[in-house]
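In terms of our numbering, the sequence shown is residues 4 to 399. Glycine is no exception: its CB is placed at the ideal position from the N, C-alpha and C atoms.
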Amino acid sequence: MNKDVFRKLRQMLMEELDLSRELSDKEILDVIDELILNQIKDVRLALKEKVQLRQELFYSVRKLDVLQELVDDETVTEIMVNGPDTIFVERAGKLMKWHKSFTSAEKLEDVIQQIVGKCNRVINESMPIVDARLENGSRVNAVIYPVALNGPILTIRRFPEHPITMEKLIALGSITQECAEFLEKLVKARYSMVIGGGTGSGKTTFLAAMSEYIPRDERLITIEDNAELRIRGIDNLVRLEAKMANMEGAVSVTIRDLIKSALRMRPDRIIVGEVRGGEAMDMLQALNTGHEGSLSTAHANSARDMLSRLETMVLMGVDLPLEAIRRQIASGVDILVHLGRMRDKSRKLLEVTEVCGFENGEIRIRPLYQWQEGKGLVKTASLLNVEKLERAGIEL
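Okay, here's the thing in structure tokens:
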């Protein structure tokens, strides 16, 4: 379709619409139909092209412009907008350039403002980076001028319409039935776990799948930067989301603030969507003060690296001797789960590691399951700390 035709009609459409009031979808479509009928008589367009033009004009006013088609497409897992002219799409782990683009950088920025505004977030030259979410739960990151040099940058991570269960992960070969049953027992017995992995390794998906094992009669509080987790089947559920400061003078509410507040809500367990900084200390204190069975995720390259990351994040929040931090981690965290993305783009559970305690200034760990080339996920050792399992009356 001719871009000049689209730009001309869109400009006329914006002039025709009465944006001083809330317009219905029908009112907008009526104006679009009239423009297509009367303003492009001299342009030869097939019926299919006219239908497509009608839809794109509507999306440009009411929804996410050219991106709406991709957001509605269940096969799309990631949308990467590198300025108004370049859009990349990920399907089934493969990246490809998309043939459509925005009419201008201003229109792309309008879409970004629309997304962040609905989440009560702010993005401008003084705060040029923001995390947000779409109504369907997709994760959004936006970066604008002066940080982004080649136009506004928008990245959308789309989650499946239906949450991926542990059964689905087993069917996909991401985890074995044996290991899944082992983790189920640990969750029910209230072992505290941190799920780690690189970007795109499936940490949030795995955390949501693990939460299916939490007993239905417990009180659960989820804490996230952007509410993405879809926890099902738990009635006594409280969902908390961090909030940025804005231009109207409203102060920020951080993950640290939410963890402290959650402890006063009498939770059985706390789920922290992702630990990134000083809030790691607050989470460890929660784990060490009777809130066992809590779950969280963190970026890491291995189970051992996850411990180093936790140490670093705690130091971002408090100035404590390294030995004191390691003792806190060793007594608060029971299990480390490490995920990875393979060369074929599939996501696998690569390691389940037990935290065995603190000795000679180091945290002792013991791999229980490990991914081995040609063999898959193999059990390498038995759990040493079975006290919580025995207390819960669960047999391995």
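Thinking C-alpha only, which one of I90, G96, E18 and Q373 is nearest S349?
In the sequence shown, the residue the question calls residue 349 occupies position 346. Per the Cα distances, G96.
Would you tell me roughly how many angstroms separate the C-alpha atoms of R57 and D36, rounded to the nearest one?
Here residue 57 refers to the residue found at position 54 of the sequence shown. Here residue 36 refers to the residue found at position 33 of the sequence shown. About 7 Å.
In this structure, does DSSP put M196 in helix, strand or coil?
Sequence index remark: in the sequence shown, residue 196 carries index 193 (1-based). Residue state, collapsed to three classes: strand.
Does the distance from the CB of L48 to the CB of V34 come in under 8 Å?
Along the sequence shown, read from residue 1 onward, the residue named residue 48 stands at position 45. Along the sequence shown, read from residue 1 onward, the residue named residue 34 stands at position 31. No.
Beta-carbon proximity of L352 to L339, cut-off 8 Å
Here residue 352 corresponds to residue number 349 of the sequence shown, with the count starting at 1. Here residue 339 corresponds to residue number 336 of the sequence shown, with the count starting at 1. No; because the gap between Cβ atoms is not below 8 Å, this pair is not in contact.
Distance, Cα to Cα, P2 vs Y216?
Outside the displayed span of the chain (4 to 399) sits residue 2, for which this structure offers no information.
I need the DSSP call for S299, collapsed to helix, strand or coil.
Position 296 of the sequence shown, counted from the first residue, corresponds to residue 299. Three-state result, S299: strand.
Reference I328; option with closest CA among V64, H294 and D285:
For this step, residue 328 is matched to residue 325 along the sequence shown. For I328, the nearest C-alpha among the options comes from D285.
Could you tell me the distance, in whole angstroms, from the CA atom of A384 to the CA atom of G200?
Numbered from 1 along the sequence shown, position 381 holds the residue referred to as residue 384. Numbered from 1 along the sequence shown, position 197 holds the residue referred to as residue 200. Near 22 Å, if we compare the C-alpha coordinates of G200 and A384.
Whole-angstrom Cβ separation of K246 and N144, contact assumed at under 8 Å?
Locating residue 246 in the sequence shown gives position 243, where the first residue counts as 1. Locating residue 144 in the sequence shown gives position 141, where the first residue counts as 1. K246 to N144, Cβ: 17 Å. No contact.
Stretch pair the segment 179 to 199 + the segment 234 to 243: three plus CB contacts closer than 8 Å
no
Along the beta strand (DSSP E) that carries I132, what are the first and last residues, could you check?
On the sequence shown, residue 132 is found 129 positions in, with the first residue counted as 1. Looking at the DSSP string, the run of the beta strand (DSSP E) that includes I132 is I132 to R136.
Less than 8 Å between the C-beta atoms of E59 and F9, yes or no?
Residue 59 sits at position 56 when you count from the first residue of the sequence shown. Residue 9 sits at position 6 when you count from the first residue of the sequence shown. Their beta carbons are under 8 Å apart, which means E59 touches F9 by this criterion.
Cα separation between I132 and M83?
On the sequence shown, residue 132 is found 129 positions in, with the first residue counted as 1. On the sequence shown, residue 83 is found 80 positions in, with the first residue counted as 1. Cα to Cα, the separation comes out at about 15 Å.
Among all the DSSP beta bridges, which residues are the ones paired with E357?
The residue labelled residue 357 in the question sits at position 354 within the sequence shown. Answer by DSSP bridge pairing, in chain order: I338 and R369.
Consult DSSP for E164 and reduce its assignment to one of helix, strand or coil.
Along the sequence shown, one-based indexing puts residue 164 at 161. It is coil, neither helix nor strand.
If I'm right that T207 touches L232 with Cβ under 8 Å, what's the distance once you round it to whole angstroms?
Along the sequence shown, one-based indexing puts residue 207 at 204. Along the sequence shown, one-based indexing puts residue 232 at 229. Between L232 and T207 the Cβ distance is about 7 Å, and since that is below 8 Å, they are a contact.
CA-to-CA distance, S177 to L287, given in whole angstroms:
For the purposes of this step, residue 287 is identified with residue 284 of the sequence shown, where counting begins at 1. For the purposes of this step, residue 177 is identified with residue 174 of the sequence shown, where counting begins at 1. Each residue's Cα considered, the two are about 29 Å apart.
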